[in-house]
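S.K.:
Numbering (our numbering), first residue to last: 1221 to 1403.
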């Protein structure tokens, strides 16, 4: 039943066709800071590729843990979707960078992201679910700011296109997270 609900919710969000630019900021849940104060958004292609790759890697690694440790099927299903979607966005970024003559850096977690993964490794069940969903909400707000910022101000046209394509995907993830339990 949860599988049907989450699939239906995702399908209905996908069918709206709304982009992040069309979604009023007031509709985005503001339970955590949008972007940490110390986080600066890159305008250069390599900086964007490095941060986007790190974000995708965090999403994939944390969601692999969700497959093993989550208490609920809805969290495991969300995690599986994150693995699939963030693998695809990493591939799109890598392809666009190479087509633009760049050698993108291999994805690597930032120290803060590694600490978040380490936190999740020490949890299981309902505690894991709560921490995972809290981290996902924060990470997706950061990803939205990163991709939106680069789509508007980035220095590489091919990567700006990839960033613009990522924005509605990330916004859909944020919308789905809003439907999952907060505790």
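Using N, Cα and C, we set each Cβ at its ideal position, and we do this for glycine too.
Taking residue 1381 as part of the alpha helix (DSSP H), name the residues at either end of that continuous run.
M.R.: The residue given as residue 1381 occupies position 161 in the chain shown. Per DSSP, residue 1381 belongs to the alpha helix (DSSP H) from 1377 to 1399.
S.K.: What does DSSP give as the partner residues of residue 1345 in its beta bridges?
M.R.: Translated into the one-based positions of the chain shown, residue 1345 becomes position 125. Residue 1345 is bridged to 1290.
S.K.: Please confirm if the region 1379 to 1390 is in contact with the region 1293 to 1301, defined as three or more CB-CB distances below 8 Å between the two stretches.
M.R.: No, because fewer than three Cβ pairs between the region 1379 to 1390 and the region 1293 to 1301 fall closer than 8 Å, the two stretches do not touch.
S.K.: Excluding five sequence neighbours on each side, which residues of the same chain lie with their C-beta closer than 7 Å to the C-beta of residue 1286?
M.R.: Working through the chain shown from its first residue, we reach residue 1286 at position 66. So the qualifying residues of the chain are 1295, 1296, 1299, 1352.
S.K.: Within a Cβ cutoff of 7 Å, which residues of the same chain sit near residue 1369, ignoring the five residues on either side of it in sequence?
M.R.: Here residue 1369 corresponds to residue number 149 of the chain shown, with the count starting at 1. Counting only Cβ-Cβ distances below 7 Å, and skipping sequence neighbours, we find 1261.
S.K.: Consult DSSP for residue 1320 and reduce its assignment to one of helix, strand or coil.
M.R.: Counting from 1 along the chain shown, the entry for residue 1320 is found at position 100. Coil, per DSSP.
S.K.: Measure the alpha-carbon distance for residue 1265 versus residue 1311 and round it to whole angstroms.
M.R.: As a working note, residue 1265 is residue 45 in the chain shown. As a working note, residue 1311 is residue 91 in the chain shown. Cα to Cα, the separation comes out at about 16 Å.
S.K.: Sorted by chain position, which residues of the same chain lie with C-beta nearer than 7 Å to residue 1373's C-beta, five sequence neighbours on each side aside?
M.R.: Looking up residue 1373 in the chain shown gives position 153. Excluding residues within five positions, the ones whose Cβ falls inside 7 Å are 1263.
S.K.: Is it true that the CB of residue 1274 sits closer than 9 Å to the CB of residue 1379?
M.R.: Within the chain shown, residue 1379 is the residue found at index 159, counting from 1. Within the chain shown, residue 1274 is the residue found at index 54, counting from 1. No; because the gap between Cβ atoms is not below 9 Å, this pair is not in contact.
S.K.: Taking the beta carbon of residue 1323 as the centre, do at least 16 other beta carbons fall within 10 Å, making it buried, or is it exposed?
M.R.: Translated into positions along the chain shown, residue 1323 becomes position 103. Exposed, by the Cβ-count rule.
S.K.: Quick one: what's got a C-beta closer than 8 Å to residue 1367's C-beta in the same chain, skipping five residues either side?
M.R.: Along the chain shown, one-based indexing puts residue 1367 at 147. The residues are 1272, 1383, 1384, 1386, 1387, 1390.
S.K.: Measuring CA to CA, which of 1343, 1332, 1344, 1267 is closest to residue 1325?
M.R.: One-based indexing of the chain shown puts residue 1325 at position 105. Answer by Cα proximity: 1267.
S.K.: Sorted by chain position, which residues of the same chain lie with C-beta nearer than 6 Å to residue 1355's C-beta, five sequence neighbours on each side aside?
M.R.: Looking up residue 1355 in the chain shown gives position 135. Same-chain partners within the cutoff: 1336.
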